[in-house]
Structures are given as C-alpha cells and as structure tokens.
Amino acid sequence: MIQKGKARTFPNHPNDINTDYIISGRYKFKIQDPNELATHVMEDLDPNFFKRVEKGDFIVAGNNFGCGSSREQAPMAIKYANISAVIANSFARIFYRNCFNLGLPAIEADTSGIEEGDELELDMDAGILKNKTKNKEIKIAPVPKTMQTLLADGGLVEHFKKHDGFKV
Amino acid sequence: MGKTIAEKILSNHSGKDAHAGDIVIADLDFMIGQDGTSGVAIDSFRKMSAKKVADPSKIAIIIDHSSPSPNQGVSAIHKKIREFAAEQKIKLYDIGCGVCHQITPEQGHCVPGDLVIGADSHTCTYGAINVFSTGIGSTDLAAGMISGKLWFKVPETLKVVYKGKLPKGIYSKDLILNLIGKIGADGATYMALEIDGDAINEMSVDARFTISNMAIECGAKCGIMKADKKVMDWVAKHSKRKPGPIEADKDAKYKQVIEIDAAKLEPQIAKPHTVDNTCGVSEVVGTPIQQGFIGTCTNGRLEDFQIAANILKGKKVADGCRLIIAPASKDIMLDMIKDGAYQTLVEAGAVAVTPGCGPCVGTHNGVPSDGENVISTANRNFKGRMGNPNSFIYLASPATVAASVIEGKIADPRKYL
Ligand code: SF4
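Chains A and B, in that order, give the protein sequences.
Each residue of the first sequence is one higher than the one before, counting from 3 in the working numbering.
Each residue of the second sequence is one higher than the one before, counting from 8 in the working numbering.
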C-alpha cells in the first residue's frame with residue numbers, strides 16, 4: 003500500500019520530541035475521548051499544529067521521537083489527528099511499541115532533507131519513501147517482523163482478538 | 008557465551024536461551040498501571056473482548072498521578088479504575104497511598120530476578136533491586152493482564168561502573184544526571200543499563216532507586232543492579248516472596264562499558280528543557296528560583312527528606328520562594344513524622360501535599376506561573392511538564408533543592424553540610 007501526504011515538521015525542535023509535547027499531561031489525565039485529545043496534539047510546540055494537518059499527512063522529525071512517558075495517548079492523539087505515519091531518524095522504544103500496538107506506522111528513515119509541506123509517498127512494502135517535491139527517494143529501515151504482524155492485524159487489540167493471545 | 012542480567016532474566020521467563028536481539032514471549036511476575044494510563048488499558052481490555060485477568064494477584068493499580076482528583080474528568084477516570092479493580096479483584100492503591108514506583112517494591116510486589124512491566128515509563132525503578140522492570144503502554148498492559156505474558160526484544164546491555172567514593176554533597180541523583188548528560192537523551196535507547204561499582208556498593212538501596220528510576224531518561228529499557236546483601240536485606244523486610252537474584256556472567260557480552268570516577272563529580276543540575284542539558288552547579292549558581300519541589304519516584308524517600316531537613320533545620324525558605332514536598336508513599340510520610348523530618352521541613356516553610364506524584368506531572372498541587380523558575384528533585388524538566396509551558400524547570404538532588412530554597416536562587420549544597 004502506498005500512503006500519500008504532506009510532511010509536517012518541527013524545524014525549531016526536530017530532535018527529542020517527547021510525549022509531553024505530543025500530548026501534555028494537563029490533557030491526558032482529563033480527556034478520555036481520542037478525537038478531543040487529538041485537537042491538542044503537539045500544542046506546546048506548535049499551538050496551530052492540529053489546524054494545519056490534513057488527512058493523511060506525515061509527522062517528520064529527527065532523533066529520539068517520542069521520548070519520555072509511556073502515555074499511549076501520545077500516538078493515539080497523533081492517529082486521531084489523521085496522521086498516517088510518523089517518520090523519524092530514530093524513536094524512543096516505548097513510543098515505538100505503542101505506535102504499532104495502535105496500528106500507527108513508525109518509520110525510521112533519514113529525514114534530514116525533508117521540509118515542511120513536502121509531498122511524500124510512503125511505500126512500506128518496497129521500503130521506499132518518495133519526496134515528490136524534492137524528487138528524491140529515501141530508503142526506510144526495514145520494519146521488524148513483529149511490528150509488521152501487528153500492523154497487518156490492525157494493532158494489538160485486533161491481533162489479540164484474532165489469535166487469542168500473542169502470535170508474534 | 009556469557010549472559011548479562013537482562014539476557015538471563017528474559018531467558019528464565021521465556022524458557023528460551025535468549026540473547027540480545029531475540030524476540031521472546033515471557034511470563035510476567037507482576038504488572039502495574041496508574042491513573043494516567045489505566046483508563047486506556049481498561050478500554051483496550053474491553054475492546055479485546057476479555058472477561059477476566061489471568062491472575063489478579065499479579066496486578067496492582069495505583070491512583071497517584073492526579074490524586075486526590077482535581078477535576079471532573081479525572082474523577083471519571085478514577086471511578087472507572089476503582090470499578091474495574093473491584094470487578095477483577097485487583098489490588099487497588101487509592102489516593103494517598105503513594106507513587107506507583109515506591110508502592111510496588113515497598114509493598115513487596117517484586118523481588119530480585121523478577122520480570123515486571125508497568126504502564127508508566129519509570130517502571131525501570133525496580134532495577135535497583137535486581138528486577139528486570141520496564142515501562143510499556145496501556146494496550147501492552149491490557150495484553151499482559153489478559154495473558155500474563157508479553158513479548159520482548161532482548162536488549163543489548165550498556166554497563167556503567169562508578170568507581171571511587173562519593174564526595175560529601177554528591178548523591179545518587181548527581182551520578183545519574185551526569186551520566187544522562189554524558190550519553191544524551193537517546194544514549195541507551197533500546198539497551199539495558201547494568202550499573203555497578205564501589206560508589207553503588209556504598210549507597211543505600213533507597214539511593215540506588217534514584218539511579219534506576221532515571222534509566223529511561225537516556226532511553227534505556229531498564230537500569231538493573233546486582234542483588235548484594237543490602238538489597239537482600241531490604242527485600243526481606245518488604246516482601247514475603249522468595250527472591251531469585253541474578254548475576255551477570257563473567258564473560259557476558261556488553262555493547263559498551265563506561266567507567267566514571269564518582270569522586271571527581273560536583274553537584275549536577277539539568278537545565279531547562281531537557282534532562283540531558285546538564286552542568287555542574289557552579290555554572291548556574293545564583294539563578295533566581297520561585298519554587299522548590301522535593302518528592303517523586305526519583306527522590307521522595309525518607310533519606311531524601313532527611314537530607315533536606317538537615318539543611319533546612321532552623322532555617323527558612325526565602326521570601327518570594329515556595330517549597331512543596333510530597334512523600335513518595337504514606338509509609339514514608341509516617342516515617343518522616345516519626346523521624347521529625349516532616350516537622351522540620353514544615354517549620355522551615357515547606358508545604359506538604361498528598362503522598363503521590365504531587366506537582367511532578369502538572370495536573371495539580373503547584374503549577375508554576377509564566378516566567379517562573381522551579382528547582383525540583385523529579386526526573387523530567389520538559390517544557391510544560393509541571394503544567395505551564397512558559398515556566399522553567401531545573402533538576403537537582405534534594406540537598407541542592409534545599410540549599411536553593413534557603414537562598415531563593417540556585418545554590419551549592421556543600422556549604423550547608
Ligand atoms: S512521580 Fe512523576 S515521574 Fe514518578 S510516576 Fe509520578 S508523575 Fe511519573
């Protein structure tokens with residue numbers, strides 16, 4: 003499957019975007035509705051972030067995306083903001099795991115040349131990220147098998163229902 | 008080939024000869040959730056069409072992050088958690104019991120050699136008592152509750168050896184802040200830390216928890232230590248379960264070994280807004296401070312408050328400055344009352360809040376104003392962490408926080424010792 007969308011970047015803060023920035027503790031503790039949570043996604047880094055996202059867009063970042071707390075509300079807020087995948091140089095491990103558990107792809111690739119608004123095409127099967135705007139192809143790091151299984155099943159909830167436990 | 012502590016514990020719990028890089032499905036000894044993550048875990052549990060948890064005696068839920076509830080939204084989550092715990096016969100630690108990472112070892116829920124998960128990133132804390140414990144998300148917790156198992160990628164291990172003796176005024180907090188500054192916020196991503204050395208051997212178990220607690224701040228999956236006599240005595244006092252301590256093999260394979268001379272360190276500060284933005288205290292001495300905070304799963308133990316009380320005894324928190332304290336558990340609060348530290352701190356001007364997370368995560372109990380500087384014993388200083396993205400958080404040891412609130416500006420604690 004090929005996913006298409008624009009790159010949404012944080013040029014002033016590309017690295018170490020933590021889960022507090024993705025969704026602040028002030029919201030995660032009181033809002034249970036994921037659609038409402040999504041309206042606050044990335045708010046402390048960019049108060050207009052939710053407004054500028056269009057369906058299918060990608061979050062593009064540098065190193066150690068999603069560091070900090072284990073809050074699953076972070077990838078949940080991203081997913082419900084209609085982001086189709088997060089693409090970063092590297093991820094923090096709990097966040098990485100949480101993404102796939104929710105069926106949201108977290109893709110490791112060299113994001114250095116990608117700029118805000120670039121038109122991207124992600125082909126996970128071919129392992130290629132195309133930057134249409136810059137006319138460049140970037141190889142993505144292979145998605146580990148366990149994660150592929152979870153994605154194919156539509157996340158851990160569906161995986162569990164399907165296999166009645168872990169089958170990774 | 009020899010194995011690290013992490014490889015051995017994951018082998019024991021999966022029945023596989025597990026080495027770094029392998030994926031294993033392992034049996035869990037214990038698992039926890041807290042009020043910020045359990046609501047989503049309960050939703051996932053229901054969505055997975057589960058009726059019953061695998062073994063209620065291996066689960067605890069702790070209401071600590073927003074406790075007591077500051078608003079209706081949180082109250083609704085607390086209610087949902089209480090009802091789920093009652094329905095599933097799960098042990099619930101309700102408001103005022105304390106922070107999950109103090110409760111879990113203190114109430115005897117984990118012992119050396121265990122494999123533990125928690126829907127909270129600082130679950131790595133129990134590494135100090137030789138437990139492989141790691142933070143996971145809410146849906147992983149739901150899967151763990153239903154099946155009693157979870158899948159793990161066996162991590163490579165980074166070994167950190169602290170040589171030498173801790174100088175006066177330097178504490179475990181300074182050691183771990185220094186390490187994170189050295190290797191960076193992603194310096195150990197996906198790795199286990201194994202932490203050892205003379206400076207660790209000399210330390211109390213409570214002081215060791217501070218180090219393991221912050222392993223996640225350099226991205227590590229766990230921060231594990233050996234079970235020496237101090238650990239075994241501590242565990243015997245707190246748990247009825249039989250410990251199964253695990254040592255690394257002599258020929259264990261490490262990704263890297265870092266040696267640090269503890270004797271050469273000065274008190275450390277993590278400056279806003281990242282934990283790896285560290286420096287020696289001398290670089291920031293004199294920075295004005297409007298609020299101090301002593302508490303959290305990092306530094307909210309009896310010994311931490313005793314250190315602060317010794318510095319604040321007979322002194323006062325400076326005008327224009329506030330000090331908030333939050334014991335990490337009810338037992339610690341009672342010990343502080345017996346010991347006198349509670350009274351000393353309150354007399355000096357401290358405001359004591361409910362045992363629990365206190366203002367650490369910005370939901371209540373001391374949200375700073377725009378432009379204010381906070382010096383805190385917590386483990387994170389991210390922008391907005393304490394509830395206001397326009398404030399600034401400096402992280403330090405309890406001694407440095409105590410010295411700083413006396414002066415109303417960042418101070419070197421060594422002159423008060
Ligand atoms: S004290 Fe702070 S860091 Fe520790 S569990 Fe509570 S909110 Fe998290």
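For each residue, glycine too, the CB sits at the ideal point set by N, CA and C.
The structure displayed is predicted, hence computed values, not measured ones.
Would you mind telling me which residues of chain A sit closer than 7 Å to residue i, beta carbon to beta carbon, in chain order?
i      : result
B/M55  : V159, F162, K163
B/P396 : D46
B/S73  : F31
B/S18  : In chain order: nothing, as chain A lies at least about 18 Å away.
Going by DSSP in three states, residue i sits in which element: helix, strand or coil?
i      : result
A/R73  : coil
B/K228 : coil
A/T21  : helix
A/E139 : strand
B/L173 : coil
A/V55  : coil
B/V212 : helix
B/T164 : strand
B/N372 : coil
A/Q150 : helix
B/I413 : helix
B/N306 : helix
A/E45  : coil
B/D311 : helix
B/I202 : strand
B/P295 : strand
Between which two residues does the alpha helix (DSSP H) harbouring residue i extend?
i      : result
B/M239 : 236-245
B/G188 : 179-190
B/A89  : A small fix is needed here, since residue 89 of chain B is Arg in this sequence, not Ala. Residues 79-95.
B/M340 : 337-346
A/R28  : 27-30
In chain B, which residues lie less than 7 Å from residue i when you measure between Cβ atoms?
i      : result
A/E121 : Ordered by position in chain B, no residue passes the 7 Å Cβ test against A/E121, which lies about 29 Å from the chain.
A/G70  : S128, R387, F389
A/S114 : Going along chain B, no residue has its Cβ under 7 Å from A/S114, so there is no contact; the nearest lies around 16 Å.
A/G167 : S154
The beta strand (DSSP E) spanning residue i covers which residue range?
i      : result
B/S289 : Segment: none, B/S289 is in no beta strand (DSSP E) and carries neither H nor E.
B/L122 : 122-125
B/L157 : 156-160
B/G142 : 139-142
B/F37  : 37-41
A/F12  : First-last for A/F12: undefined, no H or E at that position.
B/E113 : Taken as a continuous stretch (DSSP letters only), B/E113 belongs to no beta strand (DSSP E), being part of the alpha helix (DSSP H) at 107-113.
B/R53  : Taken as a continuous stretch (DSSP letters only), B/R53 belongs to no beta strand (DSSP E), being part of the alpha helix (DSSP H) at 45-54.
B/F300 : 298-302
A/F60  : 60-63
B/F399 : 399-402
For residue i, which of the options has the nearest alpha-carbon?
i      : options                       : result
A/I61  : A/A83, A/M149, A/R73, A/T41   : A/A83
A/E117 : A/S86, A/A9, A/H42, A/N37     : A/A9
B/V60  : B/I97, B/T217, B/G134, B/I32  : B/I97
B/Q350 : B/Q313, B/L122, B/V238        : B/Q313
B/V81  : A/D35, A/L47, A/G58           : A/D35
B/A403 : B/V291, B/A33, B/D256         : B/V291
B/P274 : B/R421, B/A315, B/D311, B/P77 : B/R421
B/S18  : B/G287, B/N78, B/K58, B/D121  : B/D121
B/D377 : B/G391, B/N397, B/M393        : B/N397
List the residues of chain B that residue i touches, going by C-beta distances under 8 Å, in chain order.
i      : result
A/L153 : Neighbours of A/L153 on chain B: none; closest Cβ ~14 Å, over 8 Å.
A/V170 : I30, I32, W158
Below 8 Å on C-beta distance, what does residue i contact in chain A?
i      : result
B/G226 : N66, C69, A94, R95
B/V238 : Simply none; closest approach about 25 Å.
B/R392 : D22, G27
B/D193 : D18, N65, N66, C69, S92, A94
B/Y197 : R95
B/G80  : F31, K32, I33, Q34
Listing by chain order, which chain B residues have their CB less than 9 Å from the CB of residue i?
i     : result
A/Y82 : The premise fails here: A/Y82 is roughly 13 Å from chain B at the closest Cβ pair, so nothing lies under 9 Å.
List the residues of chain A whose Cβ lies closer than 9 Å to the Cβ of residue i, in chain order.
i      : result
B/A67  : Those within 9 Å of B/A67 in chain A number zero; the least Cβ separation is about 16 Å.
B/A150 : N103, L158, V159, H161, F162, G167, F168
Quick test of the definition: if touching needs 3 or more C-beta pairs under 8 Å, does the stretch 39-50 of chain B touch the stretch 61-69 of chain B? yes
Is it true that the stretch 219-235 of chain B meets the stretch 194-201 of chain B, where meeting means three or more beta-carbon pairs spaced less than 8 Å apart? yes
At least three beta-carbon pairs within less than 8 Å, the stretch 196-206 of chain B to the stretch 159-179 of chain B: yes
Does the structure place the stretch 52-69 of chain A close enough to the stretch 147-158 of chain B that three or more beta carbon pairs sit under 8 Å? no
Does the contact criterion of 3 or more C-beta pairs under 8 Å hold for the stretch 24-33 of chain A versus the stretch 292-299 of chain B? no
Inter-stretch contact at 8 Å, needing at least 3 Cβ pairs: the stretch 372-390 of chain B / the stretch 110-121 of chain B: no
Would you check if there are 3 or more beta carbon pairs closer than 8 Å linking the stretch 276-288 of chain B to the stretch 400-418 of chain B? yes
Three Cβ pairs or more, each shorter than 8 Å: is that satisfied between the stretch 297-308 of chain B and the stretch 326-337 of chain B? yes
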